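A.B. asks: I have a structure here, written as structure tokens, and I will follow up with some questions on it.
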Amino acid sequence: IERIITLNIATTNTDKLLGKIEDHLQNGDLEGAQEVCKSTPGPTASVLLEGLKAANEGPEMAEKAIVGYGGVEMGLLERGLVWISLFIAIAPMLGFLGTVIGMIQAFDKIEAVGDLSPSVVAGGIKVALLTTVFGLVVAIILQVFYNYIVNKIDGIVNKMEEASITLVEMLAENNIFKK
795 IERIITLNIA TTNTDKLLGK IEDHLQNGDL EGAQEVCKST PGPTASVLLE
845 GLKAANEGPE MAEKAIVGYG GVEMGLLERG LVWISLFIAI APMLGFLGTV
895 IGMIQAFDKI EAVGDLSPSV VAGGIKVALL TTVFGLVVAI ILQVFYNYIV
945 NKIDGIVNKM EEASITLVEM LAENNIFKK
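Each residue of the sequence shown is one higher than the one before, starting from 795 at the first, in our numbering.
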């Protein structure tokens with residue numbers, strides 16, 4: 795849930811952000827463009843800010859700064875996903891463990907009573923089935939959240955990449971790069 799909230803907050807209107815940046819760059823106001831990025835929350839603004847900071851060093855350095863900081867931001871967006879993936883894998887295994895325990899209980903009752911009637915084994919089989927169901931339900935729910943989060947991250951990263959390309963083009967068009 796924390797990841798979903800964080801990712802929703804991290805979503806930025808890149809068109810609006812790029813429009814504000816371009817307004818400043820058309821007037822040669824690199825510092826103003828940087829201030830726009832500083833005042834805008836989210837990873838896209840942070841990545842663009844790094845590109846703007848390196849603009850005076852030329853297009854290659856601006857691109858390097860964008861790529862480098864983009865990797866950092868992507869790592870922050872993906873933080874915690876490994877745990878969700880782990881729980882998706884473990885939940886069915888725990889369910890299966892419960893199944894084995896339930897079957898052991900059923901066989902213990904058969905052994906103790908010496909009878910194979912349905913009422914003797916029903917409790918153990920019930921435990922086996924319930925733990926399997928709970929393990930699968932947990933895994934399915936987590937898988938849905940995981941897929942949503944990965945899709946959200948992919949969307950944010952794609953927007954960051956598109957905005958970064960647009961920024962480098964804007965810097966070149968407005969002659970911001972120093973010769």
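Quick reminder that beta carbons are idealized off the backbone N, C-alpha and C, glycines included.
Every value quoted in this text rests on a predicted model; they were computed, and no experiment measured them.
Compute the distance between the beta-carbons of G874 and V841, then report whether it is under 9 Å.
C.D. replies: no
A.B. asks: Based on Cα-Cα distance, which residue from I795, I919, A804 lies nearest to F890?
C.D. replies: I919
A.B. asks: Residue range of the alpha helix (DSSP H) that P835 falls in?
C.D. replies: Element bounds for P835: n/a, residue is neither H nor E.
A.B. asks: Counting only runs that start and end within the segment 868-922, where is the alpha helix (DSSP H) found for 4 or more residues in a row?
C.D. replies: 875-907
A.B. asks: CA-CA distance, L923 and L888?
C.D. replies: Each residue's alpha carbon lies about 12 Å from the other.
A.B. asks: So, is A839 buried or exposed, given that buried needs 16 or more other C-beta atoms within 10 angstroms?
C.D. replies: buried
A.B. asks: Taking the alpha carbon of T925 as the reference point, which residue from K946, G813, M897 has its own alpha carbon closest?
C.D. replies: M897
A.B. asks: Quick one: Cα of E872 to Cα of K810, how far?
C.D. replies: In this structure, the CA atom of E872 is about 25 Å from the CA atom of K810.
A.B. asks: How far does the alpha helix (DSSP H) with A804 in it extend, from its first residue to its last?
C.D. replies: 796-804
A.B. asks: L843 and C831: beta carbons closer than 9 Å?
C.D. replies: yes
A.B. asks: Do you know offhand how far K973's Cα is from P835's?
C.D. replies: With a pLDDT of 47 at K973, under the threshold of 50, the modelled position of that residue is not reliable, and no figure is offered here.
A.B. asks: To the nearest angstrom, how far is it from the Cα of S911 to the Cα of T893?
C.D. replies: 20 Å
A.B. asks: Whose C-beta lies closer than 8 Å to the C-beta of R936 among residues of the same chain, with five residues either side of it excluded?
C.D. replies: It should be noted that the sequence gives Leu, not Arg, for residue 936. The residues are I878, F881, I882, A885.
A.B. asks: When the cut-off is 9 Å and only beta carbons count, does A922 lie next to chain C?
C.D. replies: The chain inventory of the structure shown lacks chain C, comprising one protein chain alone.
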